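4 is the number of the first residue of the sequence shown in the working numbering; add one for each residue after it.
Report on one structure; see the data block that follows.
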Amino acid sequence: MATERVETFYQIVHTYFEKFFEKLNISSRDVIIYVSCFGVGFLVGVLFKRYGKWIISISAAVVLALALLQYFDFITIHQDNIRLVLGLDDSQGFDVLVERSKEYLIELGVVLVGLLLGFKLG
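The structure is reproduced here in structure tokens:
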């Protein structure tokens with residue numbers, strides 16, 4: 004008597020998605036990254052719709068306060084250290100931002116879609 008293996012609904016769905024993503028050359032790591040990017044974009048969109056005026060007002064006030072404090076020499080903002088932390092050299096500028104954006108084009112697109120949906124539905 005041969006034992007038959009009965010596939011559960013979960014196993015059928017799992018194998019279907021594995022074959023589908025395999026055809027698209029997408030690993031499970033990529034799927035996790037895309038879902039996470041969408042979730043973060045959606046959350047930021049919802050928060051921006053609800054608290055957008057406050058976010059913009061507080062951000063503008065902080066930038067203005069920092070600029071005034073630096074102008075009157077109460078604080079010193081070391082732009083070289085900021086560039087070093089962000090990984091930008093003096094010779095690099097907007098071109099580096101464009102090149103890094105090209106590397107993460109799919110992730111940026113997924114975040115943008117999540118942001119727009121979160122803003123629309125929030």
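Ideal Cβ placement from N, Cα and C applies to all residues, glycine included.
Being a predicted model, the structure only gives us computed values, none of them experimental.
Hey, G44 and V113: beta-carbon distance below 8 Å or not? yes
When the Cα atoms are used, what is the spatial distance from F20 to Y13? 11 Å
L120 at chain D interface by Cβ criterion, 8 Å: The structure shown contains no chain D; it is built from a single protein chain.
Return the CA-CA distance between G55 and L124, expressed in angstroms with no decimal places. Those two C-alpha atoms are separated by around 15 Å.
Which of helix, strand or coil DSSP assigns to H17: helix
Run of the alpha helix (DSSP H) containing F77, from where it starts to where it stops: Note, F77: premise wrong, no alpha helix (DSSP H); not H, not E.
Closest by C-alpha distance to R86, when choosing among Y74, L100, F75: L100
Measure the Cβ-Cβ separation of F51 and F122 and say whether it is below 8 Å. yes
In or out: L72 buried (at least 16 other Cβ within 10 Å) or exposed? exposed
Simplified DSSP assignment, three categories, for Y37: helix
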